[in-house]
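**Q**
This is how it looks when you write it as structure tokens:
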């Protein structure tokens, strides 16, 4: 019901999973019912199958009852004035075109059936279940990513033929969905069989792993390098953005992940790096020196570093939570200053700084997303390398000591001031590099690009990927920046999903997706019997 | 002490911080003098500035009270508090409009207002409690960062849920004739809406203070704030108390929402974000965990934001000073955090000033 | 060992970066009967002609983009959904009314080789990075609502060679507003407020420049931030200059606050309030309430006197029928005209062969820039060499009842300037 009101269903009304047969919106409702049944059956795991199925049906019924109630209610009173998505189109969708009373009955029935189905799914042997679920997932993914896939498959020849096979002008064709579904089932089944075979053979993990790992790495590297050519302009553009966030993430990771200093004003360094490059290289009215990009970068790095130190000093003695708001304030101050009329003659005010030329290597201009992609990859690799070396260095250990307990760290002789300032400075420098590339990517800098939201984005992606872990930053950036861009029609719900992901991550996996080993131990060790205790109490 | 030793005592950091402090003081003083010397504003206008600042500050104070309470008891910043505020105001809008257009408000002002207030408070309390149960309770023992992130997530979630529910547009509360215009006390004019806000803020604060300091449940709250485990050992139902705290904070936020909506008229899904941050700033300014502190902090921030640009920046010849009002606010916060981190009145919900 | 492999990887990257020109597509193309220095689009028999729109369709400014989108859709309907026998397919991207949104939307469109032309963007800040990206891919774009002067400035650079607009240039709107204020309302002291967006600042500056040129005094040029709620202090500051009018070309939320709070500030009694097209929507009346009574707006002229019966009796009727409400913003006729000139240009340059259609990109661009005396909804469209195609009719309106339910541009608010002009 929640989903309906929030409009997910309404938006996806026009998105067909299988053209003209099933809509994505309806699918969501259906999946809710299915899931309800599944969960209910899981809970009743010990009882007999029939009992489980009926429980599942019951849960599904309940899940269906809510939208049914909505349908009936909506028929009676004009809900639309309050809940704007409770529109006639929604009701039509829910009731599958039938009048309200019949429609709600239909919903209940479908709910029960779906719930029972979910229960049954939970009962079938794991291998088959996995295959089934993968198949469904694959079809869903096909539908969700259809825009992108169609774009990728555009070039003439083989790929275009594939595209025609899978899609019709409105969306994935029935044929296409069926093909994908069957393919996934086959792959999944094959994978399971392979797994059984390997088990029986008893081959240990150690033997071929080194070689396979190298092979995988080579493959990944090749994929990385060929991505913009294979994926096209749009994918390259998205990857550049991902790369920039990786740069920023690495910087913030230094502050938050290594040194435990929460910084919500990180976008300030990004802005400073961007504006420095902008001012130094612009051919427009605000450019002060007409340097080349390569000459400007070291300056930008230096300026961001100094800025980091300057920001760090006032907040040296500030504790945990206050640090968050203080740094937030700093970030906002920077943004407001670059936006202000007062500084407009130098910084461009709301009009920003324009006419920033693209970087040139040996006469060749890095003009498009494809070329900038490589630049970003190089920069990210370099910075990741630096971060990695720092992690294991003395400085890195000093940071981790501070993160654990400042007083103890001081007691063992770590100079808090220098260490913290270095964290801010180096983190800031990394953010500055990101900003520099951002400036040349857009060809102009506007104050509106440097909102608080970006700081929060970077923080979230670190948390998501795993604080203190470099690979985690990369994964986090891919997931949090890459996916929303690729799924642009979810645009309206992007932040909703954001919020849910954040809360869910914190509840279930606070160490992130790819945590540094130490973090994992730490965070899970801190989870004492609390879950059981509160369960007992409530 | 010998000179060399003296110099050694002052590290680079201290020098920097002192320069920072002096620079800010210099700007403030020079700017103020220049502005006052320039004589651009009349005395009446300065009074106006202060008045407007107080009214705005009252709103901040109201929201800050909720922040401060939760922080005092749980040691956690509830970033979603601004959204709790928004949910109350926004939902009550749907009651306010029919009441307004049907003329009910005009005829039965008090009843109408109370209804709106009730709806708002009920919604925000509900939201606050929901967030606590779902998002915060399981994470009570987690390291500091985790609940903070969860709060940010909850904040986004609530914003966009309400956006999905009610739409992204801006809606306006109905105009209430009885509340427009001003009151004159001698030569001193104050807008009715401003008066209501201030009055409301003061009433809320006193109420809250009374609850926390005088009632049994307030005592329990203070105990939990002091030492959660010891309180549990004493037989206090910690979960229940925390729930109550959130509920209370939520209710207050709802009331704040209605007051805000009555003054500023516009409600939309994003309206809680900026006031939330400002309120948190106020709470810190006044001393987080401290109820009168939150009030004071809120009023202080409001006045600084209102008077500051005109007073400090105008004299220095800065164009469009009001664009920089947030800069002034945050700089004030920074100064406070550097030099008096416990805020104006000091921290601690529980502490009896020893 | 690991360091070495990393270094090798880095070296590879650098090599590839420089070697990438080999991956770039060949510039000139000849396909079928058409040769074009930028590229040729081939549309197979039965395949649709793909037009892309990049407008802001979500978020607080969503009404602007949605309204323009509707204008395009009606244009497609009016040509029967086809041009030269091929169906028209409209793909839409949301550009978010900010620079990154514009850039990403433009990149997505540019990556799609099937797109023949684009219509957009909504907000000027999107077009600054977006238009060059589209033009790099050879896609020409016509904007229905960008008004920033910089976009069609002679010094804008060759990156913007593929950019045109049917919306007016804000220099003109600022001039009209100033002329009205000075000559008709006889105001001599004005203050301006902008909200930090390039649109608002540009328009405020244009107004100020013209007002001063006509002998008026600008008492102060203030700025607020988006999201500010308490406008009393800045209004008090304005009051010290004793203006007799305030020009605030900003958006609904802040505009609403200013309108409401102006009467609370002593010293501003009797000051005329003057907004611009950002406020010219019934949502603003909802936000401002009764305090909007008697205020003025400058906005594109949408009255039948200016646009003729074709707009009032034909277009508006269709709009209402198809979407169930009156237009939510002011640029739908401009979007309609943008679509129409694109179709006309396609008709002019496309060559058919064997059932398929071939369109040269540069030829299309040239044809668009050569549009002369095209009878559009908004007037006579003639494009100059920098992309300004509009026949600008800017009117000044005055509110009559400030009731959002009675919103009817031309009647309530009524048009007060220019009067009697075709």
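Residue numbers (our numbering), protein chains in the order written: chain A, 3 to 540; chain B, 109 to 462; chain C, 187 to 608.
C-beta: ideal position from N, C-alpha, C; glycine also.
(1) Restricting to runs no shorter than 3 residues, where is the beta strand (DSSP E) found entirely within the segment 307–387 of chain C?
(2) Ends of the alpha helix (DSSP H) at residue 189 of chain B?
(3) Looking at the C-beta of residue 450 of chain A, does it have a partner C-beta in chain C at a distance below 7 Å?
(4) Where does the unbroken beta strand (DSSP E) through residue 453 of chain A begin, and where does it stop?
(5) Closer than 9 Å by beta-carbon distance: list the chain C residues that pair up with residue 300 of chain A, in chain order.
(6) Assign residue 272 of chain C to one of three DSSP states: helix, strand, or coil.
(7) I'd like to know whether the C-beta of residue 418 of chain C is nearer than 7 Å to at least one C-beta of chain B.
(8) Kindly indicate which three-state DSSP category residue 593 of chain C falls into: helix, strand or coil?
(9) Please name the residue, chosen from B/393, B/413 and B/260, that lies closest to residue 184 of chain B on a Cα-to-Cα basis.
(10) Roughly how many whole angstroms lie between the Cα atoms of residue 340 of chain C and residue 282 of chain A?
(11) In whole angstroms, give me the CA-to-CA distance for residue 125 of chain B and residue 424 of chain A.
(12) Run through DSSP, which three-state label would residue 543 of chain C get?
(13) Below 8 Å on the Cβ atoms is my contact criterion, and I expect residue 535 of chain C with residue 328 of chain C to pass it. Report the Cβ-Cβ distance as a whole number of Å.
(14) I'd like the ranges of any alpha helix (DSSP H) spanning at least 4 consecutive residues and lying wholly in the segment 200–277 of chain A.
(15) When you compare the segment 282–295 of chain C with the segment 417–432 of chain C, are there three or more beta-carbon pairs, one atom per stretch, that lie closer than 8 Å?
(16) Quick one, which residues of the segment 386–420 of chain C are near chain B if we go by CB-CB under 9 Å, in chain order?
(17) In whole angstroms, give me the CA-to-CA distance for residue 266 of chain A and residue 257 of chain B.
(18) Can you give me the C-alpha to C-alpha distance between residue 438 of chain B and residue 397 of chain A, rounded to a whole angstrom?
(19) Pick from A/467, A/216 and A/355: whose alpha carbon is nearest that of residue 176 of chain C?
(20) Residues of chain B with a CB under 9 Å from the CB of residue 375 of chain C: which are they?
(21) Decide if residue 240 of chain C is buried, meaning its Cβ has at least 16 other Cβ atoms within 10 Å, or exposed.
(22) When you compare only the Cα positions, how much space is there between residue 410 of chain C and residue 417 of chain A?
(23) Would residue 242 of chain C pass as an interface residue toward chain B - the criterion being a Cβ-Cβ separation below 7 Å?
(24) Closest to residue 361 of chain A by CA distance: which of A/231, A/257, A/445 and A/137 is it?
(25) Please classify residue 414 of chain C: does DSSP put it in a helix, a strand, or coil?
(26) Touching or not, the segment 359–370 of chain C and the segment 494–503 of chain C, by the rule of three or more beta carbon pairs under 8 Å?
(27) Let's see if you can read the secondary structure: which residues bound the alpha helix (DSSP H) around residue 431 of chain B?
(28) Taking residue 284 of chain C as the query, report the chain A residues whose CB atoms sit under 7 Å from its CB, ordered along the chain.
(29) For residue 439 of chain B, which residues in chain A fall below 9 Å Cβ to Cβ?
(30) List, in order along the chain, the chain C residues whose C-beta lies closer than 8 Å to that of residue 299 of chain B?
(31) With a threshold of 6 Å on Cβ separation, who are the neighbours of residue 386 of chain C within its own chain once the five nearest residues in sequence on each side are excluded?
(32) Under 7 Å, CB to CB, which of the residues in the segment 428–439 of chain C have a partner in chain B?
(33) If residue 414 of chain B and residue 164 of chain B are in contact, beta carbons under 8 Å, what's the gap, nearest whole angstrom?
(34) Taking the straight line between their C-alpha atoms, what separation do you get for residue 79 of chain B and residue 403 of chain B?
(35) Can you grab the Cα-Cα spacing for the pair residue 302 of chain C / residue 242 of chain C, in whole Å?
(36) What is the DSSP secondary structure of residue 406 of chain C, reduced to helix, strand or coil?
**A** According to the structure shown:
(1) 326–329, 349–351 and 375–380
(2) In the second chain, counting from the first residue as 1, residue 189 of chain B sits at position 81. Segment 189–209, the alpha helix (DSSP H) holding residue 189 of chain B.
(3) Sequence index remark: in the first chain, residue 450 of chain A carries index 448 (1-based). Residue 450 of chain A counts as touching chain C.
(4) Residue mapping note: residue 453 of chain A aligns to position 451 of the first chain, counting from 1. Looking at the DSSP string, residue 453 of chain A is not in any beta strand (DSSP E), and its letter there is neither H nor E.
(5) The residue labelled residue 300 of chain A in the question sits at position 298 within the first chain. Neighbours of residue 300 of chain A on chain C: none; closest Cβ ~18 Å, over 9 Å.
(6) Within the third chain, the letter at position 86 stands for residue 272 of chain C. Looking at residue 272 of chain C - three-state DSSP - the assignment turns out to be strand.
(7) Residue 418 of chain C sits at position 232 when you count from the first residue of the third chain. Output row for residue 418 of chain C: interface = yes.
(8) As a working mapping, residue 593 of chain C is identified with position 407 in the third chain. Of the three classes helix, strand and coil, the one that applies to residue 593 of chain C here is coil, per DSSP.
(9) Along the second chain, one-based indexing puts residue 184 of chain B at 76. Here the closest residue by C-alpha is B/260.
(10) Position 154 of the third chain, counted from the start, is the residue given in the question as residue 340 of chain C. Position 280 of the first chain, counted from the start, is the residue given in the question as residue 282 of chain A. Computed Cα separation, rounded: 24 Å.
(11) By 1-based counting over the second chain, the position of residue 125 of chain B is 17. By 1-based counting over the first chain, the position of residue 424 of chain A is 422. So the alpha carbons of these two residues sit roughly 17 Å apart.
(12) The residue given as residue 543 of chain C occupies position 357 in the third chain. Residue state, collapsed to three classes: strand.
(13) Against the third chain, residue 535 of chain C aligns to sequence position 349. Against the third chain, residue 328 of chain C aligns to sequence position 142. Not a contact, Cβ separation roughly 15 Å.
(14) 211–254
(15) no
(16) 406, 407, 408, 409, 410, 411, 413, 414, 415, 416, 417, 418, 419 and 420
(17) Residue numbering aside, residue 266 of chain A sits at position 264 when the first chain is read from its first letter. Residue numbering aside, residue 257 of chain B sits at position 149 when the second chain is read from its first letter. Taking the straight line joining both Cα atoms gives about 11 Å.
(18) Counted from its first residue, the second chain places residue 438 of chain B at position 330. Counted from its first residue, the first chain places residue 397 of chain A at position 395. Cα-Cα distance, rounded: 31 Å.
(19) In this structure chain C extends from 187 to 608, so residue 176 of chain C is not present and cannot be described.
(20) Taking the third chain and counting its residues from 1, one reaches residue 375 of chain C at position 189. Chain B residues near residue 375 of chain C: none, gap ~15 Å exceeds 9 Å.
(21) Taking the third chain and counting its residues from 1, one reaches residue 240 of chain C at position 54. Per the 10 Å Cβ criterion, buried.
(22) Taking the first residue of the third chain as 1, we reach residue 410 of chain C at position 224. Taking the first residue of the first chain as 1, we reach residue 417 of chain A at position 415. When rounded, the distance between both Cα atoms is 43 Å.
(23) In the third chain, residue 242 of chain C corresponds to position 56, counting from 1. So, not an interface residue.
(24) Start at 1 with the first residue of the first chain, and residue 361 of chain A comes out as number 359. Nearest option by C-alpha distance: A/445.
(25) Taking the third chain and counting its residues from 1, the one referred to as residue 414 of chain C is at position 228. Coil.
(26) no
(27) If you number the second chain from 1, residue 431 of chain B lands on position 323. Per DSSP, residue 431 of chain B belongs to no alpha helix (DSSP H) and is neither H nor E.
(28) Residue mapping note: residue 284 of chain C aligns to position 98 of the third chain, counting from 1. 450, listed in chain order.
(29) Here residue 439 of chain B refers to the residue found at position 331 of the second chain. Those are 331 and 335, listed as they occur along chain A.
(30) For the purposes of this step, residue 299 of chain B is identified with residue 191 of the second chain, where counting begins at 1. The contacting residues are 450.
(31) Here residue 386 of chain C is taken as the residue at index 200 of the third chain, counted from 1. Hits under 6 Å: 380, 435 and 436.
(32) 438 and 439
(33) Indexing the second chain from 1 puts residue 414 of chain B at position 306. Indexing the second chain from 1 puts residue 164 of chain B at position 56. About 6 Å separates the two Cβ atoms, so the contact holds.
(34) Nothing in the structure corresponds to residue 79 of chain B, since chain B is present only between 109 and 462.
(35) Your numbering for residue 302 of chain C matches position 116 in the third chain. Your numbering for residue 242 of chain C matches position 56 in the third chain. If you take the alpha carbons of residue 302 of chain C and residue 242 of chain C, they lie about 20 Å apart.
(36) Residue mapping note: residue 406 of chain C aligns to position 220 of the third chain, counting from 1. Residue 406 of chain C falls in the strand class under three-state DSSP.
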